[in-house]
Amino acid sequence: MGKASRDKRDIYYRKAKEEGWRARSAFKLLQIDEEFNIFEGVKHVVDLCAAPGSWSQVLSRKLYLPAKLSPDSEGTDLPLIVAIDLQPMAPIEGVIQVQGDITNARTAEVVIRHFDGCKADLVVCDGAPDVTGLHDMDEFVQSQLILAGLTIVTHILKNGGKFIAKIFRGKDTSLLYCQFHQLKLFFTEVTFAKPKSSRNSSIEAFAVCENYSPPEGFNEKDLHRLLEKVGSPSGADDLDCSSGWLEGPNKVYIPFLACGDLSGYDSDRSYPLTKAADGTYQSLDPIQPPIAPPYKRALELKKASSHGVHDIERLSIDS
Ligand code: SAM
1 MGKASRDKRD
11 IYYRKAKEEG
21 WRARSAFKLL
31 QIDEEFNIFE
41 GVKHVVDLCA
51 APGSWSQVLS
61 RKLYLPAKLS
71 PDSEGTDLPL
81 IVAIDLQPMA
91 PIEGVIQVQG
101 DITNARTAEV
111 VIRHFDGCKA
121 DLVVCDGAPD
131 VTGLHDMDEF
141 VQSQLILAGL
151 TIVTHILKNG
161 GKFIAKIFRG
171 KDTSLLYCQF
181 HQLKLFFTEV
191 TFAKPKSSRN
201 SSIEAFAVCE
211 NYSPPEGFNE
221 KDLHRLLEKV
231 GSPSGADDLD
241 CSSGWLEGPN
251 KVYIPFLACG
261 DLSGYDSDRS
271 YPLTKAADGT
281 YQSLDPIQPP
291 IAPPYKRALE
301 LKKASSHGVH
311 DIERLSIDS
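In full-length UniProt numbering, the protein residues as written are 1 to 319.
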């Protein structure tokens, strides 16, 4: 798809470039905030799976920059924002970056060290695996990212804190119920939200978990054992959602909420482009393309293929 036609068909992509966001995802976090007021009183945040960085930009613009520019800021601690991703990310003012895998215990330790004993008020996770197109596989990997996020949450989120995590509303509703129940173990309020900027055709939604209150006597080391009791997202065999949770008096309704200005832009609609007086349209360049995207290698190979198969072979051998 050309840039101009993408601008026409994706209003949030166009708006992101106009407003200086690195990705259209920024609007999802902003619209979640409109509904749930997630930034209120927040001083310490972790942004999991942050690249290319539009959520970190939102955190910087909403929390760090206003605090830094405030006349009362002298001598007070500025908000701490730690962002993690497998991919490197161009710098953002007020954001500490950690490159690593959130499912790896060592990455979690690095994040915890940055907090140096203090606790986070908010953890956000927009993690998404490289989609394979095999829905079961994609949902499984996605559920592992939520689990990794929850593991980090149990180590650093303060009581009363919030956790926002991307979920996939796939065909397997039992997986969704399990995730809901797992999150409900730790948060008094759990809502699944669909921001207006997230396309209806996309199976993504966001779990908005409020008021972190782990079970009494909870030890972080017991997380996985505890989760097994409510069914593990990592194994369909453990799932027992059909018997208890979905029937009779035990039936649980997961609260789903659309958020963002519902009379505002519709991400599934095309909008006309504003043309200059001479009838031409100038598409803006992306704000910050990823530094080392996972598809970089594929692009190199594609480019090389136009020079002949030997180049592809050489590139493959060199890597
Ligand atoms: N929130 C980001 C923004 O606003 O710019 C977009 C995040 S993008 C949809 C998903 C990110 O998840 C990718 O950058 C990917 O590298 C990251 N990711 C996937 N698996 C990960 C893992 N195991 N550890 C760390 N990051 C991961």
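C-beta atoms are modelled at their ideal positions from N, C-alpha and C, and glycine is treated no differently.
Pair every Cβ in the region 25-41 with every Cβ in the region 119-138, then say whether three or more of these pairs are closer than 8 Å.
yes
How many Å lie between Glu19 and Leu284 at the Cα?
Taking C-alpha positions only, Glu19 is separated from Leu284 by approximately 11 Å.
Please confirm whether any heavy atom of ligand 1 lies closer than 7 Å to the CB of Ile84.
Yes.
Among Thr280, Lys166 and Gly160, which one has its Cα closest to the Cα of residue 341?
Beyond the ends of the chain as shown, which are 1 and 319, falls residue 341; an answer cannot be given.
Thr191, buried or exposed, once every other Cβ within 10 Å from all chains shown has been counted against 16:
buried
Quick one: Cα of Gly264 to Cα of Leu29, how far?
16 Å
Please list the segments of the beta strand (DSSP E) lying wholly inside the region 109-138, counting only runs of 3 or more residues, in order along the chain.
120-125
Decide if the region 136-156 is in contact with the region 56-75; the criterion is three or more beta carbon pairs, one per stretch, under 8 Å apart.
no
Start and end residues, alpha helix (DSSP H) containing Asp33:
Ala26 to Phe36
Once you ignore the five residues that flank Tyr12 on each side, which residues in its own chain have a CB closer than 6 Å to its CB?
The answer, listed in chain order, is Arg24, Phe27, Ser197 and Ser267.
Using a threshold of 8 Å, state whether the C-beta atoms of Leu273 and Asp7 are closer than that.
yes
With respect to the beta strand (DSSP E) encompassing Pro195, which residues constitute its N-terminal and C-terminal limits?
Phe187 to Pro195
Taking 7 Å as the cut-off, is the CB of Asp101 close to at least one heavy atom of ligand 1?
True, at least one ligand heavy atom lies under 7 Å from that Cβ.
Do the CB positions of Ile112 and Ile164 come within less than 8 Å of each other?
no
Within 8 Å, strictly: CB atoms of Gly161 and Ala193
no
For the beta strand (DSSP E) containing Asp85, list its first residue and its last residue.
Leu80 to Asp85
Rounded straight-line distance, which links the Cα of Lys296 to that of Lys302
10 Å
Residues of its chain near Tyr212, where Cβ-Cβ distance is below 8 Å and the 5 sequence neighbours each way are ignored
Val153, Leu157, Lys158, Asn159, Gly160, Gly161, Lys162, Phe163, Phe186 and Phe187
CB contact flag (Ile81, Ser60, <8 Å):
yes
Please state if the CB of Val95 and the CB of Ala83 are separated by a distance shorter than 8 Å.
yes
Quick one: residues in its chain with C-beta nearer than 6 Å to the C-beta of Ala205, no 5 flanking neighbours on either side, listed in chain order?
These residues qualify, in order along the chain: Ile167, Arg169, Phe192 and Lys194.
Along the chain, where does the alpha helix (DSSP H) containing Ile11 start, and where does it finish?
Ile11 to Glu19
Kindly indicate which three-state DSSP category Val42 falls into: helix, strand or coil?
coil
Determine which residues share a DSSP beta bridge with Cys259 and list them.
Pro195
Is His44 closer than 8 Å to Pro66 when the C-beta atoms are compared?
no
With a CB to CB cut of under 7 Å and the five nearest residues on each side skipped, what residues in its chain are close to Glu313?
In this prediction, Glu313 scores a pLDDT of 47, lower than 50, which makes its location untrustworthy; the coordinate-derived value is nonetheless stated afterwards. Beyond the five residues adjoining it in sequence on each side, Glu313 comes within less than 7 Å, by CB distance, of no other residue in the same chain.
Collapsed DSSP secondary structure at Leu284 in the structure displayed:
coil
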